[in-house]
Amino acid sequence: MNRMAMIRFGVACYLTLTASAFARQSTGENTLAWQYHPNRAGAEAYMQGGAYSAATGNLTSMLFNPAGLAQMPGRFSFMLETGWASRTDLFRFFNIDITTGFQPVQFGGLAFQPQRGFSLGAFFTQPTNYEVDLREIRTTALTTTAAHAADEPQQQRNEIAIGVAGATAVTPQLYFGGSVEWRRAHMRNNIAQAFVEGEDAGLRFSLGVIALVQQWQFGVSAQSRYEAASALPAVSSRFVREEPAAIRLGLTTPAILQRLHLSAETEYKNFDADVPIKKWQFYGGGKLALSPGMQLGFGAFTFLKDYSAFIDGPESEIFLTTGATIRLSSFHISASYLDGDLLNKNFAGQRFLNLALGYTIP
């Protein structure tokens, strides 16, 4: 097989994977769902493995369970978070670099507590933001500037979300909360000399409850499905960005030896699209108090995939996480590091670094 045949074979394999492995089941027009690579915002949440639906007292709760907003530590709170991410997927035929790099504002939130046990909040986040660089594939074509110019296929997926949330303590042991967010997705593809670009927007709703039972905390949250699509009438296709309806169930233990809290959580994502991502994911971790103003976190969570029905695909990932929170008067700093490569033998997986700065007015 000559070099040109190998190139054509590689492009064909990639297009088969992106069009088939991520295609929505449909009896009508062809729909191409984009690869599911969410950001992992929430420094304090992911320092303990992302098990955060039963947590209270932090603005990050608006991303996991809005009921946690009911138990704020002060009258006014503000938080700003930056993030860094690097991703690589290994297919049998070639590697795909999925890199987002540094995000100056990955999450921002504020909350106001007009009375004890009742809070209102607003937030901004980037649920998805990455570019796919197919660095091992090159296609050639005649152009107006040079013959046989090299073209590197690329995909870009960018998304922003702006939301509001509210939470109330029905009793000292029972909290309810809800949120609504507006999301806008931007999709751009440049594959095999075919350029496609489009935008779409929609709403997503969340409801949550947290119950305290003898110093145990139990949390349940539900999020509605969100979809953004960009129509391609010339080829009777459309690109689809789906965030599936999801339910999270979590718990946090009482303090062990007065210093250690453990958390565990499971999440069910009800994908409408026929994507090779398993519907059940798992999270767990803990926080160890070294002093009244410093906590260390540790944990792990899964990113389970199933490519058994496809030609090839990246393996499941188990992320290991760690981090810390330091409180200095009204300020607090949280940092978390997530690594999906240490327990994966065959490829360099995803890595995330989150850094958040918060301020609270008592």
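Numbering (my numbering), first residue to last: 37 to 398.
Glycine included, C-beta positions come from ideal geometry on N, C-alpha and C.
Fair warning: this is a prediction, and the values are worked out from it, not measured in the lab.
Asked: N-terminal and C-terminal residue of the beta strand (DSSP E) that Met330 is part of; Found: 330-339
Asked: Supposed contact pair Gln162 and Gln139 - C-beta distance, whole angstroms, cut 8 Å; Found: 6 Å
Asked: Sequence-distant residues of the same chain with beta carbon closer than 7 Å to Ala90, five excluded per side; Found: Ile246, Gln253, Phe254, Gly255, Gly286, Leu287, Thr288, Ser299
Asked: Delimiting residues of the beta strand (DSSP E) encompassing Ala81; Found: Per DSSP, Ala81 belongs to no beta strand (DSSP E); it is in the alpha helix (DSSP H), 79-82.
Asked: 8 Å contact criterion, which Pro280 and Phe318 should meet: CB distance rounded; Found: Contact doesn't hold; Cβ gap of about 17 Å is too wide.
Asked: Contacting residues, own chain, Cβ-Cβ under 6 Å from Phe112 (five flanking each side not counted); Found: Phe148, Ile397
Asked: Cβ separation of Thr92 and Gly78, assumed to be a contact under 8 Å, to the nearest whole Å; Found: With 8 Å as the limit, Thr92 and Gly78 do not qualify as a contact, their Cβ atoms being about 14 Å apart.
Asked: Ser97 - DSSP class collapsed to helix/strand/coil; Found: helix
Asked: Unbroken beta strand (DSSP E) run spanning Asp308, endpoints; Found: Per DSSP, Asp308 belongs to no beta strand (DSSP E) and is neither H nor E.
Asked: Straight-line Cα distance separating Arg363 from Ala106; Found: 20 Å
Asked: Cα-Cα separation, Val311 to Glu235; Found: 21 Å
Asked: Beta bridge counterpart(s) of Met108 as assigned by DSSP; Found: The partner list for Met108 (beta bridge, DSSP) is empty, contrary to what the question assumes.
Asked: Cβ-Cβ distance between Leu243 and Trp218 below 8 Å; Found: no
Asked: Exposure label - Phe367; buried when at least 16 CB within 10 Å; Found: exposed
Asked: Check whether Arg284 and Asn101 have beta carbons under 8 Å apart; Found: yes
Asked: Between the CA atoms of Ala265 and Met83 - distance to the nearest angstrom; Found: 33 Å
Asked: Rounded C-alpha distance that separates Tyr262 from Leu293; Found: 43 Å
Asked: First through last residue of the beta strand (DSSP E) which encompasses Gly321; Found: 316-327
Asked: Among Gly214, Phe355, Ala201, the one whose alpha carbon lies nearest that of Gly376; Found: Phe355
Asked: Collapsed DSSP secondary structure at Pro74 in the structure displayed; Found: coil
Asked: Ser365, buried or exposed, once every other Cβ within 10 Å from all chains shown has been counted against 16; Found: exposed
Asked: Ala77 Cβ short of 7 Å to the ligand NAD heavy atom set; Found: Because no ligand of any kind appears in the structure shown, any question about the ligand NAD cannot be addressed here.
Asked: Ala203 versus Ser155 - alpha carbon distance; Found: 5 Å
Asked: Anticipated Cβ contact below 8 Å, Ala121 with Arg387, distance rounded; Found: 7 Å
Asked: Nearest-angstrom Cα separation, counted from Phe114 out to Ser215; Found: 17 Å
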